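Chains as they are written, first to last, in this note's numbering: chain A, 1464 to 1827; chain B, 1464 to 1827; chain C, 1464 to 1827; chain D, 1464 to 1827. Backbone N, C-alpha and C fix where the C-beta goes; we use that ideal spot for every residue, glycine too. None of the values given here were measured: they were computed from a predicted structure. See below for the structure under consideration.
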């Protein structure tokens, strides 16, 4: 069945853009239609504009697409635009696009903290897309033209995406979590390619610092797991404490996070109940039958030494997360390890799933 | 000045034994006198018995020493014996040595939990050696022969050694710590060489599990930071909660640990006071002027992205620890990162410093 | 279409065996039917017997297959048996299997040098399988029972497999090559898992030695590119000099080899002709339409810095080789870099392609 | 004994400059006197200007030195100036310095091919410094002022430095070598720090290309091993063929090179004679007693699997090279593996040794 929706990609030559192109190139619903990049690249066939750094070759379809400037007029025919832009450019460009009536799904951090912009990890809080639903219905009622119907949806920071999936699953089953501590061991692909993390800094080494990452992880978690308040603005959880320590390690892909949690309730589930809740967890992308939805949102691994980035990051093509080493914590209630593919469910893949959810809900 | 004390090394061909030999080969106080290994190696010159895997070449002196069996009779002339034996062998052999009147400083785990065996991290709890002092005085009083004056002192697990140094420094200044959470990123040299961690398991990967490590880290910390009770037996802290998550990463040497702590007292120091306490910290090995004592026990690093294993593990030749990223913790009181050289201060070097302390106290 | 031929795997729990199982688990022609391993594993479901170390999960089908002993009686119903046995065991077991009438395709080195055993790199010398054809016709003529129709076919050493593909292509087009020098940079997966290459030996390091590898590379190349002589025995090339230097590098999968060649003829092709010959090269597995045959046997890469193991090893699912940096050589005629996936076309995948060729020729 | 000569460093904040500072900070002959860097850094204390990336901490002395602009007027008091400038800047600045009468020892490539500029690998061709000797004598005779006595000496490319040491030793003993093929496995520190080789390009990977490296290796080898012709200009060897293939591997420090050679003479030495010639090799830096000269210029290693970068790069503090795996070559005469520390003997250390040689000869 041929794709029915036209998709654009902003920042198409960057690392996130390249991943969007890979994921879209054989997508059943979306047709790779427009590629936007810097003025330096505009006018060139994509093949010549890009320094391709993926393990799969450039999709045939993308090779000869002529790169265009990141202006909404170039993307007027697109049903959805995926943005892999750097934060330096995303702010202005995504604004211009949404104000021109386009639907922008962004991997950039710029609008994540805006109160009425959904910050969505698709395995967790697609319910936040309800405000889009209401907004479009209101637009229908007001008979607004297409140019007034644009909006931005953000996906989360890559390390946040892995963390909130088991948190969301556990909260859904056992109620509020009061305390979360998380130490991350993050892959270098999260820092992009040019130059990203210098080889001399990461070989035989760990870098115990990623600029801005801990703040993002601590803050975004609360918005994603939070609710919707007055005027359809999001209200981050105020009664959950989150403490993050972030490290870069010599891994190409796959963020591993060591997590401890405490439930708010005095009545604690057993370890077996925790495992079962994670195994049973289902997200809207699965019930909607989204094309990229993982069969299993959370792979619960029983082996003592799993999950491991190299061995487990590609489960369900990187759209699932893996959780292992679930055990009691002498300080909080439980501790466990979660692994997520930082460039799939933690970045481009998350954007794709958001678009698939919009489509599945009839909003695209 | 020529060394005055004769030293033996057990498990001399293993990874810890090799490090003992390197550290002893140019030591001002100890003479490398006897090398013990398995029966398979006994009788061979060390050079032929060992598969040397250090970055420095085999010390001249050691090359032609004939390896002997691990029997106390072979080591009768040694003033001190350093044991780098595997746990499989250490139990029996170290017992036989100490019962024959020898002083054994062991890197093995076998006797660490024995109530009257000191478990010593030399930058932290050399006060635990007081019981040796008292025991030897009692032996003098009773006129006991040398054969009744043997004993075992254990150094800690490598990941414990890094953790307890800042903990000890902070407790010394600000009183008890009630809660510690720690996530480790440990180097592969901690697992030895043959085979140690398989390359295929660690390249482009993290292994979120080290057998028995979390238990050791949680338990040993409490004994080391605890006190001495009745009958000169050690009493682990009972009012401190410790939770550890241990990971193996692709680093050759240097354990990095992300730590969060909460003080027992309601009155908290400021970040600057915490930093100053760490900077000012002095241990007995320094005041005694031990040959291998670091100039600075704790290097407090102010750069945002330090300590890093490759860049900081060799500070003070690996006998110091480095602490960085000291900041407030939204869940507990403070969080920071500590780095220690796992084969120096975390293993063989720790044993050397213990022996130097005994010597400095006049106990050898 | 359901598979029509029953396949067995020997050494099923080892690294090559695991790869055979992955490749066979969704194969259109072969049904994974029997798994043989050591007596220690026999009787257990495969899932329990194996320490699985692949990036894909254990195929459903294999998980519950009961592992059997490596005895021909257990494999009597198999149409073909793939052997991933270690050389220590392969000699005896493969002999027993072939003498019992079974078709054994072996990854072990034991029988590679036997004059009437084909040593086949399927992209290069499937013509060597002609002797099997003749042997089976003779068996038909003599009305031999199945038990007299067993035989062994060997695939080559992993580093040989990559080298001979471009050599074979160039010889096919431009005639004999008189001189080959090759320096390899080999991945650690070639050494297996338990323990394989120790992590401490390969992190931040190169090991400029692989036991027996240079001899294999030099010798096997001559047999594979050689012809068939009297009595259907293979005659290695005598007029080609090959010199190999083999290194192990910190790469998980993918052998990269820097090659220089000199043609025997005084008349030399141009660089463009060399490239074109490589691009145009077609092997029998492609013309037969074998299920796993690569679309392109040789990917000729024009970028200055390719092929690279991480980026190019999976082209055509690892069944193709990549050649780049083709240029004139100041010493010999041409130099270039070839990359091959050492566990696919360099090991298990090669075995599969050999079996597919037999099937395509009607010999299975 | 206090240093007697004042030394300047150009490009002091870069990777080569940092190494110069480390090596000079405790040098018996040279005092670290002036540090030059870009205008952006000028005026700042070195500690604030640099992003230090060495495993040793910034030398006390250097920390508070105020960085100056790279103008000869700032360096007028220096007896020697070491240049770690990037090629983009080295051309103009080094020219200005030498024309102002300063002695410049440069690690940049800009002047290496100039016929009357010595290109010196100090373990090999300090004889090329004779032209400096003659030039200064002529200046004396002509009573030239200091401002007319400046000159530039270049050290070689890092991969060249390792190769020519055994070549030079063998030629000195057995006469001309007609053919050299070399495949390199080069460390990433050779590419500098900011950014140098991106981590994402080198983790789990090899890059079979380093821009301009093969040309340098092929050409420089011929100049270094060549002689001095008319008018004191250097004449590269014309009768030696060199073919190089260069690769970047995941190693921090230490270039490993797989070399094959053919002697011009029909009479070949034996392998033992080759080994002995390498072991016996002495260079002028050793006979002059230069402060940084290695005890042994060439460490000949007999173990089958050595030299290895991590284990052997620091022999003689990185000022020696290691050669192993010496064996007959089926194509040329002999093959072997050579390892050199690319930032010591392959870069900054080479510059230091050149200056020490000038000093030892009374030319500074």
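Buried/exposed call for residue i, threshold 16 Cβ in 10 Å
i: residue 1758/C; result: exposed
i: residue 1585/B; result: buried
i: residue 1623/D; result: buried
i: residue 1514/A; result: exposed
i: residue 1783/B; result: buried
i: residue 1698/B; result: exposed
i: residue 1702/B; result: exposed
Residue range of the alpha helix (DSSP H) that includes residue i
i: residue 1611/D; result: No alpha helix (DSSP H) contains residue 1611/D, which DSSP labels as neither H nor E.
i: residue 1627/A; result: 1621-1637
i: residue 1813/D; result: 1812-1823
i: residue 1523/C; result: 1523-1526
Min CB distance residue i to chain D below 8 Å
i: residue 1662/A; result: yes
i: residue 1521/A; result: no
i: residue 1788/C; result: yes
Rounded separation between residue i and residue j - CA only
i: residue 1643/C; j: residue 1544/A; result: 53 Å
i: residue 1760/D; j: residue 1785/D; result: 8 Å
i: residue 1718/D; j: residue 1648/D; result: 6 Å
i: residue 1691/D; j: residue 1596/D; result: 13 Å
i: residue 1788/D; j: residue 1472/D; result: 38 Å
i: residue 1592/A; j: residue 1805/A; result: 22 Å
i: residue 1695/D; j: residue 1655/D; result: 34 Å
i: residue 1533/B; j: residue 1557/B; result: 9 Å
i: residue 1803/D; j: residue 1680/D; result: 14 Å
i: residue 1613/C; j: residue 1666/B; result: 41 Å
i: residue 1634/A; j: residue 1640/A; result: 6 Å
i: residue 1637/C; j: residue 1724/C; result: 12 Å
i: residue 1781/D; j: residue 1748/D; result: 15 Å
Residue i at chain A interface by Cβ criterion, 8 Å
i: residue 1792/B; result: yes
i: residue 1772/B; result: yes
i: residue 1485/B; result: no
Selected residue, minimal CA-CA separation from residue i, among the options
i: residue 1732/D; options: 1688/D, 1811/D, 1669/D and 1791/D; result: 1791/D
i: residue 1620/A; options: 1775/A, 1687/A and 1788/A; result: 1687/A
i: residue 1813/A; options: 1648/A, 1693/A, 1778/A and 1756/A; result: 1756/A
i: residue 1685/C; options: 1630/C, 1480/C, 1713/C and 1675/C; result: 1630/C
i: residue 1712/B; options: 1696/A, 1650/A and 1699/A; result: 1650/A
i: residue 1525/C; options: 1542/C, 1553/C, 1551/C and 1481/C; result: 1481/C
i: residue 1470/C; options: 1476/C, 1479/C, 1477/C and 1488/C; result: 1488/C
i: residue 1551/B; options: 1572/B, 1817/B, 1742/B and 1564/B; result: 1572/B
i: residue 1485/D; options: 1523/D, 1715/D and 1762/D; result: 1523/D
Where the beta strand (DSSP E) containing residue i begins and where it ends
i: residue 1545/D; result: 1543-1546
i: residue 1470/B; result: 1468-1473
i: residue 1724/A; result: 1718-1726
i: residue 1484/B; result: Here residue 1484/B belongs to no beta strand (DSSP E); instead the alpha helix (DSSP H) covers 1478-1488.
Chain B within 8 Å of residue i, Cβ atoms only
i: residue 1765/D; result: no
Any non-hydrogen atom of the ligand MN closer than 7 Å to residue i Cβ
i: residue 1520/D; result: You won't find the ligand MN in this model; it holds no ligand whatsoever.
Interface flag, residue i vs chain C, CB-CB below 8 Å
i: residue 1666/A; result: yes
i: residue 1738/D; result: no
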